[in-house]
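Asks: One structure is given below, represented as structure tokens, and several questions about it will come after.
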Amino acid sequence: MATRKMILDLDTGIDDAMAIAYAVAAPDVDLIGIVSSYGNVLTPLSAQNSLKILELLGQQDVPVFLGESHSSTTTQFEVMPISVQIHGKNGIGEVSLPTAKRQPETKSGVDFLIESAHTYGKDLIVVPTGPLTNLAKALKQAPEIQNEIGNVTLMGGALTVPGNVSPVAEANINQDPTAADQVFESNLNITMVGLDVTLRTLLTKNETAQWRKLNTVAGEKFADIVDYYIDVYKITSPHLHGCALHDPLAVGVALDPSLVSTLDINMFVDTTKEMWGRTIGDPARLTDQHPNVSVALTVNQDTYLKRFMTYLSELFSQN
């Protein structure tokens, strides 16, 4: 049993599934639960996808909780067409997995976040890879957790590169900029793993072919799921020559910050119409001597990819 504990807050699509696998396989952390969110799919489907992936990986003891179903400023949510294209209607590349034997827990994801912060304190790492609605609501209900949680490593934002849903906004932040701003302006210890680095960590069919050679159900299914993702990238981002490991990189950095170089800066999220969802330095706090956000700027992609493949291949070989 590891000292460090991790909660994933996922809108479980394809790269989220790889993030689950990385967290399960990592030897130096215990995945204590998954909070479901909206984004790549609707929240209930996100939860079912997480349960299916956990069962595929032999991890039936990791609980899954339902988080919020829409942003903090809306009353409903519809999946964007680009998300359907990238992840498939079912969120996992149209690959069929057995119906999960379990259901999500009856406790809300927000309550689980709060209780875990109280229980584990500085040993707790929270990794949101979707919108920040759940975490913002937890902060509103229990402000004290901002001083209890050890670290929040989020996949979202873009500081030195354009956004992927607008010239200034990355998709996860764009879903709920108000909630994201509340998180960024809290006292949480935050690491932002944005498009600046995730677009440099790429997977190709050379790697998924290695999973197929394992001759296991998990290896075959994950290869099918990720090959779908890679094929879509050939259409949406042919210049990358692979698919970006957005969400699993956030898990990797949460466990080993040395994988990235960072800029420490106080951030805020712009919610004006013209700059909706922009993650940028906060002019009002630029002279603060103790900024709470570390923004990843460069990544040692070779070290990370080698570790990613080692972790996932060993896990898939057992399932």
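Using the working numbering, the first residue of the sequence shown is number 5, and each one after it goes up by one. Ideal Cβ placement from N, Cα and C applies to all residues, glycine included.
(1) Rounded to whole angstroms, what is the Cα-Cα separation between L309 and V303?
(2) Are the C-beta atoms of Q64 and some chain D residue less than 7 Å apart?
(3) Mapping DSSP to helix, strand and coil, what is G97?
(4) According to DSSP, is P261 helix, strand or coil?
(5) Thinking C-alpha only, which one of D274, L101, Y42 is nearest T79?
(6) In chain order, what residues of the same chain lie with their CB nearer than 6 Å to the CB of P147, ignoring the 5 residues before and after it?
(7) From the DSSP secondary-structure annotation, give me the bridge partner or partners of G223.
(8) Over what stretch of residues does the alpha helix (DSSP H) that includes A143 continue unbroken?
(9) If you compare alpha carbons, which of G134, K93, T182, N323 is closest to W280?
(10) Do G95 and L49 have their C-beta atoms closer together than 7 Å?
(11) Starting from D200, trace the alpha helix (DSSP H) in both directions and tell me its first and last residue.
(12) Taking A300 as part of the beta strand (DSSP E), name the residues at either end of that continuous run.
(13) Counting along the chain, where does the alpha helix (DSSP H) carrying G113 start and finish?
(14) Does the distance from the C-beta atom of V297 to that of I194 stay below 7 Å?
(15) For N138, which residues from the same chain have a beta carbon less than 8 Å from its beta carbon, with the 5 sequence-adjacent residues on both sides left out?
(16) Between E189 and the rest of its own chain, which residues show a CB-CB distance below 7 Å, the 5 nearest in sequence each way excluded?
(17) For D282, name the three-state secondary structure that DSSP assigns.
(18) Which of the three DSSP states, helix, strand or coil, is assigned to K238?
(19) Label V156 either buried or exposed according to how many other C-beta atoms from any shown protein chain fall within 10 Å of its C-beta, with 16 as the threshold for buried.
(20) Return yes when the Cβ of M159 is within less than 7 Å of the Cβ of V197, no when it is not.
(21) Could you check where the beta strand (DSSP E) with V273 kicks off and where it finishes?
(22) So is H91 buried or exposed if we call it buried at 16+ other beta carbons inside 10 Å?
(23) Please report the Cβ distance between A29 and Y315, rounded to the nearest whole angstrom; I am assuming they are in contact, meaning their Cβ atoms lie under 8 Å.
(24) Use the C-beta contact count for L290: other C-beta atoms within 10 angstroms, 16 or more gives buried, fewer gives exposed.
(25) Taking C-alpha atoms, which residue in V83, N210, Q186 lies nearest to I234?
(26) For the beta strand (DSSP E) containing S40, list its first residue and its last residue.
(27) Measure the beta-carbon distance from N270 to P242 and round it to whole angstroms, keeping in mind my assumption that it falls under 8 Å.
(28) On a Cα-Cα basis, can you pick out the residue from H250, E119, L218, P287 that is closest to Q305?
(29) Does the beta-carbon distance from V66 to A51 come in below 7 Å?
(30) Measure from the alpha carbon of T380 to the alpha carbon of each residue in I57, K9, K238, T266, then state which is nearest.
(31) Pick out whichever of E82, L319, S54, D34 has its Cα sitting closest to the Cα of Q214.
Replies: From the atom records:
(1) Position 305 of the sequence shown holds residue 309. Position 299 of the sequence shown holds residue 303. So the two alpha carbons sit approximately 11 Å from each other.
(2) Protein chain content of the structure displayed is limited to a single chain, and chain D is not contained in it.
(3) In the sequence shown, the residue the question calls residue 97 occupies position 93. Here G97 sits in coil by DSSP.
(4) Counted from its first residue, the sequence shown places residue 261 at position 257. In this structure, P261 counts as helix in the three-state DSSP scheme.
(5) Position 75 of the sequence shown, counted from the first residue, corresponds to residue 79. Out of D274, L101, Y42, Y42 has the C-alpha closest to the C-alpha of T79.
(6) Indexing the sequence shown from 1 puts residue 147 at position 143. Taken in chain order, the list of residues that qualify is empty.
(7) Reading the sequence shown from its first residue, position 219 is the one you call residue 223. None; G223 has no bridge partner.
(8) Start at 1 with the first residue of the sequence shown, and residue 143 comes out as number 139. The residue asked about is misnamed: residue 143 is Leu in this sequence, not Ala. It spans 137–145 - the alpha helix (DSSP H) in which L143 sits, taken as one unbroken run.
(9) Looking up residue 280 in the sequence shown gives position 276. Cα-wise, what sits closest to W280 is T182.
(10) Indexing the sequence shown from 1 puts residue 95 at position 91. Indexing the sequence shown from 1 puts residue 49 at position 45. Yes, these two residues count as a Cβ contact at 7 Å.
(11) Sequence index remark: in the sequence shown, residue 200 carries index 196 (1-based). Looking at the DSSP string, the run of the alpha helix (DSSP H) that includes D200 is 199–202.
(12) Against the sequence shown, residue 300 aligns to sequence position 296. A300 -> beta strand (DSSP E) spans 297–303.
(13) Position 109 of the sequence shown, counting from 1, holds the residue named residue 113. Counting along the chain, the alpha helix (DSSP H) containing G113 begins and ends at 113–124.
(14) If you number the sequence shown from 1, residue 297 lands on position 293. If you number the sequence shown from 1, residue 194 lands on position 190. Closer than 7 Å, so yes.
(15) Numbered from 1 along the sequence shown, position 134 holds the residue referred to as residue 138. D13, V39, S41, G71, E72, G113, V114, L117, P132.
(16) Residue numbering aside, residue 189 sits at position 185 when the sequence shown is read from its first letter. Same-chain partners within the cutoff: F272.
(17) Position 278 of the sequence shown, counting from 1, holds the residue named residue 282. First, the amino acid is wrong: residue 282 is Arg here, not Asp. Looking at R282 - three-state DSSP - the assignment turns out to be strand.
(18) What you label residue 238 is simply residue 234 of the sequence shown in a count that begins at 1. K238: helix per DSSP, three-state reduction.
(19) Indexing the sequence shown from 1 puts residue 156 at position 152. Buried, because 16 or more other Cβ atoms sit within 10 Å of the Cβ of V156.
(20) Here residue 197 is taken as the residue at index 193 of the sequence shown, counted from 1. Here residue 159 is taken as the residue at index 155 of the sequence shown, counted from 1. Yes; because the gap between Cβ atoms is below 7 Å, this pair is in contact.
(21) Residue 273 sits at position 269 when you count from the first residue of the sequence shown. Taken as a continuous stretch (DSSP letters only), the beta strand (DSSP E) holding V273 covers 271–273.
(22) Indexing the sequence shown from 1 puts residue 91 at position 87. Answer is buried; the Cβ neighbour count reaches 16.
(23) Residue numbering aside, residue 29 sits at position 25 when the sequence shown is read from its first letter. Residue numbering aside, residue 315 sits at position 311 when the sequence shown is read from its first letter. That pair is a contact at about 4 Å.
(24) Locating residue 290 in the sequence shown gives position 286, where the first residue counts as 1. By the neighbour-count rule (16 or more Cβ atoms within 10 Å), L290 is not buried but exposed.
(25) Taking the sequence shown and counting its residues from 1, one reaches residue 234 at position 230. Checked all of V83, N210, Q186; the closest Cα to I234 is N210.
(26) Sequence index remark: in the sequence shown, residue 40 carries index 36 (1-based). Note, S40: beta strand (DSSP E), 34–40.
(27) Residue numbering aside, residue 270 sits at position 266 when the sequence shown is read from its first letter. Residue numbering aside, residue 242 sits at position 238 when the sequence shown is read from its first letter. No, N270 and P242 are not in contact; Cβ-Cβ is about 37 Å, not under 8 Å.
(28) As a first step, residue 305 is located in the sequence shown; it is residue number 301 there, counting from the start. Selected option, being the one with the closest Cα: H250.
(29) In the sequence shown, residue 66 corresponds to position 62, counting from 1. In the sequence shown, residue 51 corresponds to position 47, counting from 1. No, the pair does not count as a contact, with Cβ atoms beyond the cut-off.
(30) Since the displayed the chain opens at 5 and closes at 323, residue 380 lies outside it and no answer follows.
(31) In the sequence shown, counting from the first residue as 1, residue 214 sits at position 210. The shortest C-alpha separation from Q214 is found at L319.
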